[in-house]
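Heads up: the sequence shown at position 58 corresponds to 58 in full-length UniProt numbering, and the numbers run straight through without jumps. Just so you know, even glycine gets a beta-carbon here, dropped at the ideal spot from N, CA and C. The structure presented is a predicted model; accordingly, all values stated were derived computationally and were not measured. Data first, discussion second: the structure below is written as structure tokens.
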Amino acid sequence: MVPDTDPGSLSETYLQISPNILASFPKFRPPVDLYVFDPEVGRTGRYLRGGERLSREGQDEVARFAEEGRLFLLREDYRVYAEHLSRKLGLLLVEEGFLPREVAEIFFIALRNRMADFLNQPREDTFEALRTDVAILAEYVWIDPSRVAFLTHTLERDYDLAVHSVNTMLIGLALYLRLSGGKVEKTVLISLILGLLLHDLGMVMVPKFIRDKEQFLVRRDRESIERHIEAGRNMLRRLKVQDPVVLECMEQHHERLDGSGYPARRFDKNISTMGRLCAVADSFSAIVGDRPYRSARDMAEAVQVLIGDGKRYDPVLTTLLAEVMDERVTD
Ligand SMILES: [Fe+2]
Ligand SMILES: [Fe+2]
């Protein structure tokens with residue numbers, strides 16, 4: 001038994017399991033240790049170990065504890081329950097007990113998994129699942145734009161296309177919220193989040209061995225990589241996605257202000273704000289990711305690389321990027 005005389009430390013240590021949260025777990029085998037508060041002695045004790053089987057009576061009892069607000073789990077188990085909650089993302093909009101860092105983790109897992117599913121099978125059903133979660137994230141950030149500072153803390157270093165897409169999205173979203181001073185429309189947020197997530201969609205058509213050797217490309221390999229823009233556009237057309245913001249992100253994220261980019265070699269004003277923003281977010285996310293031919297670079301270093309490249313990257317946006325990275329918070 002753990003003495004819980006101080007309610008403040010109680011909520012630091014435990015998360016109350018509402019009936020909604022309980023419903024996100026497998027009924028017979030909750031994945032985390034369950035704790036129950038006993039009001040008579042004022043203590044919380046463990047009721048069940050994570051992964052142990054619950055009898056039918058046990059399930060009823062646990063459901064009753066949840067109804068009565070007496071059921072808890074340890075916050076330190078958040079990586080386990082985040083995985084379950086990520087499949088019921090709408091809960092994040094109605095439940096109030098989560099800490100911002102837990103919410104950030106749950107969003108990251110959900111979007112990475114949705115993105116991985118969609119990249120594996122780019123079809124209408126996997127796209128709809130992705131779009132549903134994107135709308136929930138847009139709503140969450142729209143309610144309070146300062147929440148993005150927690151989201152940008154969850155960037156991961158692995159370089160896999162799904163992770164790269166989510167990292168790029170989080171950075172691009174934070175940049176956009178700063179650029180627009182927090183005054184945003186929900187529909188624009190949805191479009192931008194989708195555009196940032198889908199910018200490299202066409203990469204699924206580029207053989208992995210070519211993607212992975214990016215540093216030693218011969219001309220033919222480079223052409224093959226550059227075709228990811230067109231391949232992505234074709235895939236969007238098949239999915240009937242014609243949102244202009246999504247298209248701008250995809251078509252312009254490799255364009256550079258000095259005309260050295262691809263595929264259209266656009267210059268300066270011919271690159272849209274969303275295109276520039278996606279370019280900065282994408283490059284930052286590529287620099288900080290682990291690649292097969294080099295290890296990840298420090299985030300502060302990555303910001304400096306982009307700030308030092310003002311001929312190619314919009315200086316207004318790279319300055320905002322430095323601010324975004326300074327403002328990341330964990331708790
Ligand atoms: Fe790309
Ligand atoms: Fe990219």
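Could you name the residues that DSSP lists as bridge partners for LEU151?
Looking up residue 151 in the sequence shown gives position 151. When DSSP reads this structure, LEU151 sits in no beta bridge, so it has no partner.
Kindly examine ligand 1 and report whether one of its heavy atoms sits closer than 8 Å to the Cβ of HIS199.
Start at 1 with the first residue of the sequence shown, and residue 199 comes out as number 199. Yes, Cβ of HIS199 sits closer than 8 Å to a heavy atom of ligand 1.
So GLY202 and CYS278 are in contact, right, with Cβ under 8 Å, and what is the actual spacing, rounded?
Reading the sequence shown from its first residue, position 202 is the one you call residue 202. Reading the sequence shown from its first residue, position 278 is the one you call residue 278. About 14 Å; that fails the 8 Å criterion.
Please work out which residues of its chain come closer than 7 Å, Cβ to Cβ, to ARG297, disregarding the five sequence neighbours upstream and downstream, and give them in chain order.
Working through the sequence shown from its first residue, we reach residue 297 at position 297. Cβ within range, chain order: ILE287 and VAL288.
My understanding is that VAL134 touches TYR81, with C-beta atoms under 8 Å, so please give their C-beta distance in whole angstroms.
By 1-based counting over the sequence shown, the position of residue 134 is 134. By 1-based counting over the sequence shown, the position of residue 81 is 81. Not confirmed; about 22 Å, so no contact.
I'd like to confirm something about ALA286: is its beta-carbon nearer than 8 Å to some heavy atom of ligand 2, or not?
The residue labelled residue 286 in the question sits at position 286 within the sequence shown. Correct: ALA286 has its Cβ closer than 8 Å to ligand 2.
For ARG53, does the three-state DSSP call read helix, strand or coil?
The sequence position of residue 53 within the sequence shown is 53, counting from 1. In the structure shown, ARG53 adopts coil according to DSSP, grouped into three states.
Limits of the unbroken beta strand (DSSP E) element including ASP28
By one-based count along the sequence shown, residue 28 stands at place 28. It is Phe, not Asp, that sits at residue 28 in the sequence shown. It is not in any beta strand (DSSP E) - PHE28 carries neither H nor E in the DSSP assignment.
With DSSP collapsed to three states, give me the class of LEU175.
Against the sequence shown, residue 175 aligns to sequence position 175. The answer is helix: DSSP assigns LEU175 an H, G or I state.
Could you tell me the distance, in whole angstroms, from the CA atom of VAL316 to the CA atom of LYS269?
To locate residue 316, count along the sequence shown from 1; it is residue 316. To locate residue 269, count along the sequence shown from 1; it is residue 269. Looking at the two C-alpha atoms, the distance is approximately 14 Å.
Range of the contiguous alpha helix (DSSP H) that encloses ARG70
In the sequence shown, counting from the first residue as 1, residue 70 sits at position 70. No alpha helix (DSSP H) contains ARG70, which DSSP labels as neither H nor E.
Could you say which of ILE307, ALA116, TYR176 and ASP160 lies nearest to ALA138 if we only look at CA atoms?
Residue numbering aside, residue 138 sits at position 138 when the sequence shown is read from its first letter. The option with the nearest alpha carbon to ALA138 is TYR176.
Within the same chain, show all residues whose beta-carbon is closer than 6 Å to that of ALA174, passing over the 5 residues directly before and after it, in chain order.
Against the sequence shown, residue 174 aligns to sequence position 174. Excluding five sequence positions before and after ALA174, the CB atoms of its chain that fall closer than 6 Å to its own CB belong to VAL148, THR152 and VAL324, given in chain order.
For HIS253, verify whether its CB is less than 8 Å away from any heavy atom of ligand 1.
Sequence index remark: in the sequence shown, residue 253 carries index 253 (1-based). Distance from the C-beta of HIS253 to the nearest heavy atom of ligand 1 is below 8 Å.
How would you call ALA300, buried or exposed, if buried means at least 16 neighbouring beta carbons within 10 angstroms?
Along the sequence shown, read from residue 1 onward, the residue named residue 300 stands at position 300. Under a 10 Å Cβ-count criterion, ALA300 is classified as exposed, with fewer than 16 other Cβ atoms of the shown protein chains found around its own Cβ.
How long is the line joining the alpha carbons of residue 412 and MET235, rounded to whole angstroms?
Nothing about residue 412 can be read from this structure; the chain reaches only from 1 to 331.
Return the CA-CA distance between ILE193 and LEU130, expressed in angstroms with no decimal places.
For the purposes of this step, residue 193 is identified with residue 193 of the sequence shown, where counting begins at 1. For the purposes of this step, residue 130 is identified with residue 130 of the sequence shown, where counting begins at 1. Distance between the alpha carbons of ILE193 and LEU130 is about 11 Å.
What does the alpha-carbon distance come out to for the pair ARG114 and THR126?
Against the sequence shown, residue 114 aligns to sequence position 114. Against the sequence shown, residue 126 aligns to sequence position 126. Approximately 7 Å, taken between the alpha carbons.
Give the single residue among HIS253, LEU22 and THR319 whose Cα lies nearest to the Cα of GLY50.
Here the question's residue 50 lines up with position 50 in the sequence shown. For GLY50, the closest of HIS253, LEU22 and THR319 by C-alpha to C-alpha distance is LEU22.
Pick helix, strand or coil for TYR313, following the three-state DSSP scheme.
As a first step, residue 313 is located in the sequence shown; it is residue number 313 there, counting from the start. DSSP places TYR313 outside both helix and strand once states are collapsed to three, so it counts as coil.
Does DSSP put THR5 in a helix, in a strand, or in coil?
Here residue 5 is taken as the residue at index 5 of the sequence shown, counted from 1. Below a pLDDT of 50, predicted positions are generally treated as unreliable, and THR5, at 49, falls in that range; the measurement from the model is reported next regardless. Note: THR5 maps to coil in three-state DSSP.
Just list the residues that DSSP pairs LEU15 with in beta bridges.
As a first step, residue 15 is located in the sequence shown; it is residue number 15 there, counting from the start. Bridge pairing for LEU15: LEU73 [DSSP].
Nearest-angstrom Cβ-Cβ length linking ASP282 and THR168, presumed shorter than 8 Å
By one-based count along the sequence shown, residue 282 stands at place 282. By one-based count along the sequence shown, residue 168 stands at place 168. Between THR168 and ASP282 the Cβ distance is about 5 Å, and since that is below 8 Å, they are a contact.
What runs of the beta strand (DSSP E), each 3 residues or longer, lie entirely inside the stretch 63 to 143?
Within the stretch 63 to 143, the complete beta strand (DSSP E) runs of at least 3 residues are 71 to 74.
What's the gap between the Cα of PRO263 and the Cα of HIS254?
Taking the sequence shown and counting its residues from 1, the one referred to as residue 263 is at position 263. Taking the sequence shown and counting its residues from 1, the one referred to as residue 254 is at position 254. The straight-line gap from Cα to Cα measures roughly 7 Å.
Ligand 2 heavy atoms versus the CB of HIS164: any closer than 8 Å?
For this step, residue 164 is matched to residue 164 along the sequence shown. For HIS164, the shortest C-beta to heavy atom distance toward ligand 2 is below 8 Å.
Cβ of ASP212 versus every heavy atom of ligand 2: is any distance shorter than 8 Å?
Along the sequence shown, one-based indexing puts residue 212 at 212. No, the beta carbon of ASP212 sits no closer than 8 Å to any heavy atom of ligand 2.
Through-space distance from PHE107 to ASP144, alpha-carbon basis:
As a first step, residue 144 must be located in the sequence shown, where it is residue number 144. As a first step, residue 107 must be located in the sequence shown, where it is residue number 107. Taking the straight line from one Cα to the other gives about 15 Å.
Would you call the CB atoms of ALA63 and SER18 closer than 9 Å?
The count along the sequence shown starts at 1 and reaches residue 63 at position 63. The count along the sequence shown starts at 1 and reaches residue 18 at position 18. Taking C-beta atoms as the reference points, ALA63 and SER18 fail to come closer than 9 Å.
Kindly indicate the opening and closing residues of the alpha helix (DSSP H) around GLY195.
Here residue 195 corresponds to residue number 195 of the sequence shown, with the count starting at 1. Counting along the chain, the unbroken alpha helix (DSSP H) around GLY195 starts and ends at 186 to 198.
Mind checking which residues open and close the alpha helix (DSSP H) that includes ARG233?
Within the sequence shown, numbered from 1, the residue matching residue 233 stands at position 233. Where ARG233 is concerned, the enclosing alpha helix (DSSP H) stretches over 228 to 238.
Beta-carbon gap between HIS199 and SER224 smaller than 9 Å
Sequence index remark: in the sequence shown, residue 199 carries index 199 (1-based). Sequence index remark: in the sequence shown, residue 224 carries index 224 (1-based). Going by beta carbons, HIS199 and SER224 fall outside the 9 Å limit.
Are there 16 or more other CB atoms within 10 angstroms of the CB of residue 411, so buried, or fewer, so exposed?
Look at the range of the chain in this structure, 1 to 331, and you will see that residue 411 is not part of it.
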